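Comments concern the structure below.
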Amino acid sequence: MGPLPCLPSVLKHRAGRGTGLAELALCPGRTRTQSQPCKHAPGSRLPPLARTGILAEQFVPDGPHLHLYHENHWIKLMNWQHSTMYLFFAVSGIADMLTYLVSHVPLGVDRLVMAVAVFMEGFLFYYHVHNRPPLDQHIHSLLLYALFVACVSISLEVILRDHIVLELFRTSLVILQGTWFWQIGFVLFPPFGTPEWDQKDEANLMFITMCFCWHYLAALSIVAINYSLVYCLLTRMKRHGRGEIIGIQKLNSGDTYQTALLSGSDEE
């Protein structure tokens, strides 16, 4: 869900505005036949990454080792909550692949399951920090804003498919989530022997809130730079009359996306 997954939408957006430039032809998915296996199905990396996360949560030295309840008490529920988050994103990756590869799967199921996964992450985080110091609670609660807004944005993508603004907005929120996890780690577990944060200092709460805004500004900058680079690349390609580069094709006015893909496979 980072900047690069939005590249196809940037290309399609530019093509739809009369530039004559084509869409990214890496893996059309729903238009492929069974004789043309998809090597780059979106979401294909999510299940193995989620599995790695689950195994890490379960089998760290002090982890639950797949034991949930033992001798009248729950075992490492925080690790189990993290594993549950990973599990939902694994399901999201599977839904992505099925939507791309199986024509009978309704278009939009992938976005719907992704929205559910993001919602479940936020839902679990909401009940993840009770009885913790104020700064710990606050720095986690700020993450909920990004998660629930991302959930709404992804839900809109179920209806507004391949909407460039929504996809770029989603990307910025995902980047924000990633950088904020790093910030949480630096605050709660200061590296390199730096002094620990005062968990009850209101000034620290104010600074962290402001820092969250800075993180989102950085995320927006990353998305804007990526979009600008793609725009410049396509403009330069058009100026030099280059028809194909890294899976990008120029479509004739009478050609469809599927026609270009089939003709490309025949040439191979």
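Residue numbers (this note's numbering): 7 to 274.
Ideal Cβ positions, reconstructed from N, Cα and C, are used throughout, including at glycine.
These figures come from a predicted structure and were not determined experimentally.
Per DSSP, V180 is one residue of the alpha helix (DSSP H) stretching across 170-194. Residue pairing from DSSP places Y75 in a beta bridge opposite W80. In the structure shown, S50 adopts coil according to DSSP, grouped into three states. Under the three-state reduction of DSSP output, D207 falls in the coil class, being neither helix nor strand. Of A121, L226, F213, Y106, the smallest CA-CA separation from V171 is found for L226. Listed in chain order, the beta strand (DSSP E) elements of length 3 or more contained wholly in the region 218-251 amount to none. In this structure, L141 sits near W203, with a CB-CB distance shorter than 9 Å. Here the region 117-134 lies against the region 152-159, with 3 or more beta-carbon pairs under 8 Å apart. A direct Cα-Cα distance of roughly 11 Å separates M212 from C219. DSSP, reduced to helix, strand and coil, places E202 outside both helices and strands of the structure shown, so it counts as coil. Around the beta carbon of S147, fewer than 16 other beta carbons lie within 10 angstroms, which makes this residue exposed. With respect to S98, L52 sits close: the two C-beta atoms are nearer than 9 Å. Selection W80, N78, Y75, M84 evaluated against I60 yields M84 as nearest (Cα-Cα).
Between T185 and V229 a beta carbon distance of about 13 Å is seen, past the 8 Å cut, so the two are scored as non-contacting. Secondary structure of V158 (DSSP, three-state): helix. Residue state for D68 is assigned as coil, using DSSP reduced to three classes.
Per DSSP, reduced to three states, the secondary structure at L113 is coil, with no helix or strand assignment.
Put simply, of H110, F94, G128, Y106 the residue whose alpha carbon is nearest the alpha carbon of V119 is F94. Under the 10 Å beta carbon count, R117 is surrounded by 16 or more other beta carbons and is classified as buried. For P197, the secondary structure class from DSSP, reduced to helix, strand or coil, is coil.
Judged by DSSP in its simplified three-state form, H136 adopts coil rather than helix or strand. For the options P196, T200, I145, the alpha carbon positioned closest to that of Q183 is the one of I145. Burial state of T105 is buried, judged by a 10 Å Cβ sphere holding 16 or more other Cβ atoms. By the Cβ-count criterion, P197 is exposed, with fewer than 16 other Cβ atoms from all chains shown falling within 10 Å of its own Cβ.
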